[in-house]
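>
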Amino acid sequence: MIRAAGAVVWRGNEDDPEVALVHRPAYDDWSLPKGKLRRGEHVIAAALREVWEETGLRVVLGRALPPVHYMHDGRLKRVDYWLAQAPGHQHPIGGDGCEVDKVAWLPIEEARRRLTYAWDRSLLRAVGAAPLVTTPLILLRHALAGSRQEWKGDDDRRPLDERGRAQAKILATVLGAYRPAVLVSSHSRRCVQTLKPYAERHGLEVREETALSESGYDPREAERLVRDLLAAPGPAVLCSHGKILPELLGMAGEALHGVRTADHTLAKGGFAVLHHTADRNRAAGRHGDTVDAGERVVSMERYAT
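Using my numbering, you'd call the opening residue of the sequence shown number 1 and step up by one each time.
1) Got a sec, what are the start and stop residues for the alpha helix (DSSP H) Q149 sits in?
2) Go ahead and pull the three-state DSSP assignment for E50.
3) Check each candidate in G269, A211, V297, V298 and name the one with the smallest Cα separation from A304.
4) How many angstroms separate the CA atom of V17 from the CA atom of I108?
5) Counting along the chain, where does the alpha helix (DSSP H) carrying R157 start and finish?
6) Along the beta strand (DSSP E) that carries E18, what are the first and last residues, could you check?
7) Please state if the CB of L140 and the CB of V297 are separated by a distance shorter than 8 Å.
8) Thinking just about the alpha-carbon of each residue, which of T55, V192, R179, V184 is nearest to the one in H91?
9) Going straight from the alpha carbon of A130 to that of R148, what length do you get?
10) For G216, list the residues DSSP reports as bridge partners.
11) Only counting the same chain, and skipping five residues up and downstream in sequence, which positions put a Cβ closer than 7 Å to that of L249?
12) May I ask you to verify whether the segment 38 to 47 touches the segment 104 to 124, counting CB pairs closer than 8 Å and requiring at least 3?
13) Taking Cβ to Cβ, would you say V192 is nearer than 8 Å to V206?
14) Would the beta-carbon of V9 fall within 8 Å of that of A64?
15) Which residues in the same chain as T135 place their Cβ atom closer than 8 Å to its Cβ, once the five residues preceding and following it in sequence are excluded?
16) Here's the rule I'm using: 16 or more other beta-carbon atoms within 10 Å means buried, otherwise exposed. How should S31 be labelled?
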């Protein structure tokens, strides 16, 4: 199967947004920015790269949209898409003039008429199914850290192994898709090291919490931390352990009146993204540090690294 990734990039007013379409002279078509994954590339990193290469826009990812499947040269092709916002006053460059020669910002209805392919038009219908603006809370399991049985010292001091360090390097790019500025971690070395490359790249501190560790886990304090992150403005990452994260995901889902699924397991280096509307209500004039009854999970997505 051919894998590709792209985005529905929007700007302007949430009630009347414009979306970016690209024109490809080789096909004389109008489509959404997308492209094939490179060997070993994470699908989220591919989406960011393809949007940049085809439009010159640096975007922030929102919720995932339904993947698109179609046949291409006799092979099944899957394209994963996200909503993506183009912050600030960026000006698209229209690619290199070879693959893409034009970028057009159009209102959604006009964009739907301009798009060449039915699957792209179906994505624009999915855009209106939930709020455009959401806030991500990312719950991350630490990367690979060798064998617990073979480690002779304090398990809280067990570091990432070579593969885990490679995962952390990938996460430095992938987490950047959401631009979290708040990083909270179990105090265990392997959790802090998982976030360190992203933190160093963006000049951020990792806040260490014993209550999120296996040795010092405190369910009541952990729930308070989750609720604080949901109520605070802006994206955040919480890094913890495989035995603890299912409970934290359940806490977050219940706090946001989401559906609590039976399986919250994450592979090492894997993460879940809860797109929620918790800080939207506070921005509209509600006060306090608790999650309100009107706030909800818009989507929950899980990814491997």
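Using N, Cα and C, we set each Cβ at its ideal position, and we do this for glycine too. Fair warning: this is a prediction, and the values are worked out from it, not measured in the lab.
Concretely, from the data shown:
1) For Q149, there is no enclosing alpha helix (DSSP H), as DSSP marks it with neither H nor E.
2) Of the three classes helix, strand and coil, the one that applies to E50 here is helix, per DSSP.
3) Relative to the Cα of A304, the nearest Cα in the group G269, A211, V297, V298 belongs to G269.
4) In the sequence under discussion, the amino acid at residue 17 is Pro, which differs from the Val named in the question. The C-alpha of P17 lies about 7 Å from the C-alpha of I108.
5) That residue, R157, is in no alpha helix (DSSP H); it is neither H nor E in DSSP.
6) Where E18 is concerned, the enclosing beta strand (DSSP E) stretches over 18 to 24.
7) No, they are not a contact pair.
8) Of the candidates T55, V192, R179, V184, the one whose C-alpha sits nearest the C-alpha of H91 is T55.
9) Whole-angstrom Cα-Cα distance: 43 Å.
10) Note: G216 sits in no beta bridge, so no partner.
11) Around L249: L139, H264, A272.
12) Because the criterion of three Cβ pairs below 8 Å is not met, the segment 38 to 47 and the segment 104 to 124 do not touch.
13) Judged by beta-carbon spacing, V206 lies within the 8 Å limit of V192, meaning their Cβ atoms are closer than that value.
14) Judged by beta-carbon spacing, A64 lies beyond the 8 Å limit of V9, meaning their Cβ atoms are not closer than that value.
15) Its chain contains P233, G234, P235, H275, H276, T277, A278, D279, R280 as the residues whose beta carbon lies nearer than 8 Å to that of T135, once the 5 sequence neighbours on both sides are disregarded; these appear in chain order.
16) Buried, since its Cβ has 16 or more Cβ neighbours within 10 Å.
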